[in-house]
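In full-length UniProt numbering, the protein residues as written are 1 to 413.
Here's the structure we're looking at; comments come further down.
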Amino acid sequence: MEQIATSEADELSNIELNQLYGTADYQGQSTTQTQSIASAVAAHVRLPFSNPLKMLTSLLPETSAQAVQNSGAQTSLFQSITTIANNPQDIVLGWLPSTSSSSCIQLMADNPGMNVVSPGWLHLQDASGNLSGSVLPSVIEYAHQHNIKVWVMVDNQFSATLTHEVLANSKAESNLIDELVYQSKLYHLDGINIDFENLAAADRNLFTQFIGNLHRALSPIHVNLSVDISPDIVPLDDSLAFFHAGLADNADEIVLMAYDEHWSTDPDPGPVADLPWVTAGVNDLLDTGVPTDKLILGMPFYTRFWYVHSDGSVTSSAVSAGAVTDILRQDKAPLGVWDPKLDLMYTKFPSADGYTEVWYPTANTYQDTLSLVTQNGLAGVAVWSLAWSDPSTWTATVHSLRTEGVQTSHAAS
1 MEQIATSEAD ELSNIELNQL YGTADYQGQS TTQTQSIASA VAAHVRLPFS
51 NPLKMLTSLL PETSAQAVQN SGAQTSLFQS ITTIANNPQD IVLGWLPSTS
101 SSSCIQLMAD NPGMNVVSPG WLHLQDASGN LSGSVLPSVI EYAHQHNIKV
151 WVMVDNQFSA TLTHEVLANS KAESNLIDEL VYQSKLYHLD GINIDFENLA
201 AADRNLFTQF IGNLHRALSP IHVNLSVDIS PDIVPLDDSL AFFHAGLADN
251 ADEIVLMAYD EHWSTDPDPG PVADLPWVTA GVNDLLDTGV PTDKLILGMP
301 FYTRFWYVHS DGSVTSSAVS AGAVTDILRQ DKAPLGVWDP KLDLMYTKFP
351 SADGYTEVWY PTANTYQDTL SLVTQNGLAG VAVWSLAWSD PSTWTATVHS
401 LRTEGVQTSH AAS
């Protein structure tokens, strides 16, 4: 385990304490004082060396001690959850994939209670750092009228090559930053959400530097900066593209995309986001330098139907999590059984060319996921995406983050 954590620990040892804790008061202290301060800082941000036992136990799957009482029914994903928090300051963010004004506004109207919306309007276009896409003023106006902040999502088209070309060229990077500042001022944006995925590990320092430069450009105009990151494949081995502590130090929030545990073309069927995997992802970020109050938990409102064909090949299709039981009933398929280890329902049934498998969430799944937010004091949740949301699921999610009390149930229609 010490070898696994070496990469991140080495990186963290080179960071100024004032960067981790947000003050310059600790610079120039003696070695003895620095060690004491390091322990305090480590406790604040949960660095791995501060509590090795907690670091190890946090990686173990967590299962409920309650007896499983599942009828195989699902009334609505969240109907049985009463509440788990009382903090109106929690961020409740909904990503908007839609590009038309009418569909964006309709999705916001259908999902009341969010305080941040992140529409996917802007895209890194070329190696010069230019942007493509269109910002929709009418959507921003509607959002602001309803006290919803707008953090426009900027993606890199999932291109590692394009991203490297921009980040490795100071002129191109400056152009990209200037464009984002210009768009923010022109359209009165509240924030920028950077969604650069599929990055090369060799670009981790360049990406961290870019986030720092962008944050310094956005801060004077009071524009928030959040960064989306995917979970580490190996916990505590933070040697790939996302340097957790460095990004957290240079951004306002880190958004953990805790989904696609098994992605659409995965040759091995499995859950989109089972609770032990999500828990490990959250703990990994907290244990590698991301402060709790900067971490937003990204949650999927979709799942996948997996089709295992007779020749051994595997395909999948994504559906709204709230629609699973209706689809199963229409297909006269079994609703399945509750898996207490994964905190999910599971069903398997024959199909014309093999068989179908589905892992899907219930009210209990989402209640336990939201408990990670409240129990750890995280900044809030981000839902991918509003296009997958159904009214009962969204309403219960917001309700769970706004009021007190917990009621757990595995059962539903």
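Even glycine gets a Cβ: it sits at the ideal position worked out from N, Cα and C.
#### Entry: Segments assigned beta strand (DSSP E), at least 3 residues, entirely inside the stretch 162 to 228
Positions of the beta strand (DSSP E) runs, each at least 3 residues long and wholly inside the stretch 162 to 228, are given as 191 to 195 in order along the chain.
### Task
Output the boundary residues of the beta strand (DSSP E) element that contains residue 254.
Along the sequence shown, read from residue 1 onward, the residue named residue 254 stands at position 254. That run of the beta strand (DSSP E) goes 253 to 257.
### Message
Within a Cβ cutoff of 8 angstroms, which residues of the same chain sit near residue 188, ignoring the five residues on either side of it in sequence?
### Response
Position 188 of the sequence shown, counted from the start, is the residue given in the question as residue 188. Within the same chain, and ignoring the five residues on either side of residue 188 in sequence, the residues whose Cβ sits closer than 8 angstroms to its Cβ are 140 and 144.
### Task
Report the residue from 268, 229, 108 and 218 whose alpha carbon sits nearest the alpha carbon of residue 181.
On the sequence shown, residue 181 is found 181 positions in, with the first residue counted as 1. Nearest to residue 181 by alpha-carbon distance, out of 268, 229, 108 and 218, is 218.
### Task
Give the DSSP-derived three-state secondary structure of residue 380 in the structure shown.
On the sequence shown, residue 380 is found 380 positions in, with the first residue counted as 1. Residue 380: strand per DSSP, three-state reduction.
### Task
To the nearest angstrom, report how far apart residue 245 and residue 295 are at their CA atoms.
Within the sequence shown, the letter at position 245 stands for residue 245. Within the sequence shown, the letter at position 295 stands for residue 295. Distance from the CA of residue 245 to the CA of residue 295, rounded to the nearest whole angstrom, comes to 11 angstroms.
### Task
Counting only runs of 3+ residues fully inside the stretch 313 to 372, write out the beta strand (DSSP E) ranges in chain order.
Considered as a whole, the stretch 313 to 372 harbours 314 to 320, 337 to 339, 344 to 351 and 354 to 360 as its complete beta strand (DSSP E) runs of no fewer than 3 residues, in chain order.
#### Entry: Contact set for residue 206: own chain, Cβ-Cβ below 7 angstroms, skip 5 residues either direction
As a first step, residue 206 is located in the sequence shown; it is residue number 206 there, counting from the start. Within the same chain, residue 206 has close Cβ partners 167 and 168.
### Query
Quick one: is residue 171 buried, meaning 16 or more other Cβ sit within 10 Å of its Cβ, or exposed?
Translated into the one-based positions of the sequence shown, residue 171 becomes position 171. Counting the other CB atoms within 10 Å of its CB gives residue 171 a total below 16, which places it among the exposed residues.
#### Entry: Beta-carbon spacing of residue 251, residue 290 below 7 angstroms
As a working note, residue 251 is residue 251 in the sequence shown. As a working note, residue 290 is residue 290 in the sequence shown. Residue 290 is positioned such that its CB atom lies no closer than 7 angstroms to that of residue 251.
### Query
Near residue 153, which residues of its chain fall below 6 angstroms by C-beta distance, leaving aside the five closest residues on each side in sequence?
Along the sequence shown, one-based indexing puts residue 153 at 153. Residues 118, 120, 193 and 195 of the same chain have their beta carbon placed closer than 6 angstroms to that of residue 153, with the five preceding and five following residues left out of the count.
### Query
Alpha carbon to alpha carbon, how far is residue 177 from residue 215?
Position 177 of the sequence shown holds residue 177. Position 215 of the sequence shown holds residue 215. Each residue's alpha carbon lies about 9 angstroms from the other.
### Task
Ignoring anything shorter than 3 residues or poking outside the stretch 88 to 113, list the beta strand (DSSP E) runs there in chain order.
Counting whole runs of 3 or more residues, the stretch 88 to 113 contains the beta strand (DSSP E) stretches 91 to 96.
### Per-residue DSSP class, three states only, for residue 278
The sequence position of residue 278 within the sequence shown is 278, counting from 1. The answer is helix: DSSP assigns residue 278 an H, G or I state.
### Query
How long is the line joining the alpha carbons of residue 142 and residue 334, rounded to whole angstroms?
As a first step, residue 142 is located in the sequence shown; it is residue number 142 there, counting from the start. As a first step, residue 334 is located in the sequence shown; it is residue number 334 there, counting from the start. Roughly 43 angstroms between the two C-alpha positions.
### Query
What separation, rounded to the nearest whole angstrom, lies between the Cα atoms of residue 21 and residue 348?
For the purposes of this step, residue 21 is taken as residue 21 along the sequence shown, with counting starting at 1. For the purposes of this step, residue 348 is taken as residue 348 along the sequence shown, with counting starting at 1. Per-residue confidence for residue 21 stands at a pLDDT of 27, beneath the threshold of 50, marking its modelled position as unreliable; the derived number appears in the next sentence. One C-alpha to the other measures close to 49 angstroms.
### Buried/exposed call for residue 269, threshold 16 Cβ in 10 Å
In the sequence shown, counting from the first residue as 1, residue 269 sits at position 269. Buried: at least 16 other Cβ atoms inside 10 Å.
### Message
Buried or exposed for residue 183, going by 16 or more other Cβ atoms inside 10 Å?
### Response
Counting from 1 along the sequence shown, the entry for residue 183 is found at position 183. With 16 or more neighbouring CB atoms inside 10 Å of its own CB, residue 183 falls in the buried class.
### Query
Using the rule of at least 16 other Cβ atoms within 10 Å of the residue's Cβ for burial, across every protein chain shown, is residue 204 buried or exposed?
Locating residue 204 in the sequence shown gives position 204, where the first residue counts as 1. Per the 10 Å Cβ criterion, buried.
#### Entry: Identity of the residue in 260, 91 and 198 nearest residue 147 by Cα
Start at 1 with the first residue of the sequence shown, and residue 147 comes out as number 147. Nearest option by C-alpha distance: 91.
### Query
Nearest-angstrom Cα distance between residue 319 and residue 303?
Sequence index remark: in the sequence shown, residue 319 carries index 319 (1-based). Sequence index remark: in the sequence shown, residue 303 carries index 303 (1-based). Answer to the nearest angstrom: the Cα atoms are 6 angstroms apart.
### Message
Which of the three DSSP states is assigned to residue 262 in this structure?
### Response
As a working mapping, residue 262 is identified with position 262 in the sequence shown. DSSP places residue 262 in the coil class of the three-state scheme, outside both helix and strand.
### Query
Cβ of residue 281 within 7 angstroms of Cβ of residue 256?
Taking the first residue of the sequence shown as position 1, residue 281 is located at position 281. Taking the first residue of the sequence shown as position 1, residue 256 is located at position 256. Yes, the pair counts as a contact, with Cβ atoms nearer than the cut-off.
### Message
Among 201, 131, 175 and 135, whose alpha-carbon lies nearest the alpha-carbon of residue 160?
### Response
Here residue 160 refers to the residue found at position 160 when the sequence shown is read from its first residue. Looking at the Cα atoms, 201 is the closest of the given residues.
### Task
Go ahead and pull the three-state DSSP assignment for residue 306.
Numbered from 1 along the sequence shown, position 306 holds the residue referred to as residue 306. Looking at residue 306 - three-state DSSP - the assignment turns out to be strand.
### Query
In whole angstroms, what is the alpha-carbon distance linking residue 101 and residue 156?
Your numbering for residue 101 matches position 101 in the sequence shown. Your numbering for residue 156 matches position 156 in the sequence shown. About 23 angstroms.
### Message
At the level of alpha carbons, what is the spacing between residue 174 and residue 232?
### Response
Taking the sequence shown and counting its residues from 1, one reaches residue 174 at position 174. Taking the sequence shown and counting its residues from 1, one reaches residue 232 at position 232. Residue 174 and residue 232 have their C-alpha atoms roughly 29 angstroms apart.
### Query
Hey, how far is the Cα of residue 97 from the Cα of residue 287?
Counting from one through the sequence shown, the residue named residue 97 turns up at place 97. Counting from one through the sequence shown, the residue named residue 287 turns up at place 287. Going from the Cα of residue 97 to the Cα of residue 287 covers about 31 angstroms.
### Query
Do the stretch 324 to 343 and the stretch 380 to 399 meet, that is, are 3 or more Cβ pairs less than 8 angstroms apart?
Touching, no, given that fewer than three Cβ pairs across the two stretches are closer than 8 angstroms.
### Message
Residues in the same chain with beta-carbon distance under 8 angstroms from residue 323, minus the five sequence neighbours each way, listed in chain order, please.
### Response
By 1-based counting over the sequence shown, the position of residue 323 is 323. Hits under 8 angstroms: 390.
### Task
Could you pull the start and end residues of the alpha helix (DSSP H) that residue 140 belongs to?
Mapped onto the sequence shown, residue 140 falls at position 140. Following the DSSP letters along the chain, one finds residue 140 inside the alpha helix (DSSP H) bounded by residues 137 to 145.
### Message
Quick check on the DSSP output: the alpha helix (DSSP H) that includes residue 247 runs from which residue to which?
### Response
Here residue 247 refers to the residue found at position 247 of the sequence shown. Start and end: 244 to 250.
### Query
Would residue 300 be called buried (16 or more neighbouring beta carbons within 10 Å of its own) or exposed?
As a first step, residue 300 must be located in the sequence shown, where it is residue number 300. By the beta-carbon neighbour count (other beta carbons within 10 angstroms, threshold 16), residue 300 is buried.
### Query
If you draw a straight line from the C-alpha of residue 370 to the C-alpha of residue 308, how long is it?
Sequence index remark: in the sequence shown, residue 370 carries index 370 (1-based). Sequence index remark: in the sequence shown, residue 308 carries index 308 (1-based). Computed Cα separation, rounded: 32 angstroms.
#### Entry: Sub-7 angstroms separation of residue 208 and residue 243 beta-carbons
As a working mapping, residue 208 is identified with position 208 in the sequence shown. As a working mapping, residue 243 is identified with position 243 in the sequence shown. For the pair residue 208 and residue 243, the CB atoms are nearer than the 7 angstroms cut-off.
### Query
If we ignore side chains and look at the alpha-carbon of each, how far apart do residue 264 and residue 316 end up?
By one-based count along the sequence shown, residue 264 stands at place 264. By one-based count along the sequence shown, residue 316 stands at place 316. One C-alpha to the other measures close to 6 angstroms.
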